[in-house]
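For the sequence shown, this note's numbering gives the first residue as 68, with consecutive numbering after it.
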Amino acid sequence: EWLGEVPEHWDVKQVRHLVNTAGGGTPSKEREDYWAGDIPWISPKDMKRDYLDSSEDAITCEAVANSSVKLLPSGCLLIVVRGMILAHSVPVGIATREFTINQDMKALMPHSSTTSDYLLYLFKGLRDRLLELVEDSAHGTKKLGTEMFQRLPIPIPPMLEQGSILKDILRQVGRIDLLVDRADKAHSLLVERRTALISAAVTGKIDVREAV
Numbered sequence: 068e069w070l071g072e073v074p075e076h077w078d079v080k081q082v083r084h085l086v087n088t089a090g091g092g093t094p095s096k097e098r099e100d101y102w103a104g105d106i107p108w109i110s111p112k113d114m115k116r117d118y119l120d121s122s123e124d125a126i127t128c129e130a131v132a133n134s135s136v137k138l139l140p141s142g143c144l145l146i147v148v149r150g151m152i153l154a155h156s157v158p159v160g161i162a163t164r165e166f167t168i169n170q171d172m173k174a175l176m177p178h179s180s181t182t183s184d185y186l187l188y189l190f191k192g193l194r195d196r197l198l199e200l201v202e203d204s205a206h207g208t209k210k211l212g213t214e215m216f217q218r219l220p221i222p223i224p225p226m227l228e229q230g231s232i233l234k235d236i237l238r239q240v241g242r243i244d245l246l247v248d249r250a251d252k253a254h255s256l257l258v259e260r261r262t263a264l265i266s267a268a269v270t271g272k273i274d275v276r277e278a279v
C-alpha cells in the first residue's frame, strides 16, 4: 500500500530476492598489529559519502584471517543497520575497493537484475519507508530489523531503464548541487557584508545621522 502503483512493465520484488547479504565484525582491539594495515574497516562513522574508498580505521590481512571480519569485493552496497543515526536517516554507500565492515553494517551484493548504483538511489528515495522499519534494540540503540528489511518490496525496472533513471537523477542532482553551492557562496558574501556594515556603523566609519 505504501508503494502505490508502479509502471506495468516493472517488477516488484523483495530485497532478499535481489541481493546476497554479508555482515561484519570487529577484530580484537587488544592486538595493535591488527590495526596497522590498509584494508578499510568501514563503520557507520564513515558513511558520509555515496562512494567510499577509505575509512577512519584500517586493518591487516592477519586481522581478517583471525577474526569474524570478511574481506568483501568492490562494488557492494553498504547500509547502516544499527546505531542512533537510524533515528533520523539510513546511510547507504558503495565501496569502490575491497573492504571490511563492522557489525553495525550490512553489505549487499546485487544479483543480475539490478545494480548497486540503482539500489543506492532507490534506498535514498525510500528513506522514510526504511525509517518506519527501524526499532529499538535491547541495548536502547536503534536497529533496522534484518527480517523486515529483507522482505521489503521494492520496484525494479528493466536494466536499460535503470540506467536511464540514474542518468536523469545525476543530471538533475548535479544542477541542484550547483545551485546550492551558489546559494552558499552568496550567503557567505552577505554575512561578510552584514558584519562589515555593523562594524562600520558602530565605529563611526559611516555617518548615519541622516539615515531614514
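All residues carry an ideal CB built from backbone N, CA and C; glycine is no exception. Just so it is clear, the structure is predicted and the values come from calculations on it, not from any experiment.
Closest by C-alpha distance to Gly160, out of Ser179, Leu187 and Leu153, is Leu187.
With contacts defined as CB atoms closer than 7 angstroms, Pro107 and Ser122 qualify as a contacting pair. Contact between Arg218 and Arg83 holds: their C-beta atoms lie close to 7 angstroms from each other, under 8 angstroms. For Met226, the enclosing alpha helix (DSSP H) starts and ends at Met226 to Val269. In this structure Asn87 is exposed. Its beta-carbon is surrounded by fewer than 16 other beta-carbon atoms within 10 angstroms. If you check the CB distance, Leu119 and Ala162 come in under 7 angstroms. If you check the CB distance, Val136 and Thr167 come in under 7 angstroms. By the Cβ criterion, the stretch 90-110 is in contact with the stretch 126-133, since at least three pairs of Cβ atoms, one from each stretch, lie closer than 8 angstroms.
In this structure, DSSP gives Ala103 a state outside helix and strand, which the three-state scheme calls coil. A distance of 7 angstroms or more separates the beta carbons of Thr270 and Asn169. For Ser266, same chain residues with a beta-carbon under 7 angstroms away, outside a window of 5 residues either side, do not exist. For Ile161, the beta-bridge partners assigned by DSSP are Tyr118 and Leu144. Apart from sequence neighbours up to five positions away, no residue of its chain approaches Ser255 with a beta-carbon distance below 6 angstroms.
Taking C-beta atoms as the reference points, Val201 and Lys209 count as a pair closer than 7 angstroms. Contact check for Leu144 against Leu193 fails: the beta carbons are separated by 7 angstroms or more.
Where Leu200 is concerned, there is no enclosing alpha helix (DSSP H), because DSSP gives it neither an H nor an E.
DSSP places Val86 in the strand class (E or B) of the three-state scheme.
Annotated as proximal: Pro220 and Val79, with beta-carbon spacing under 7 angstroms.
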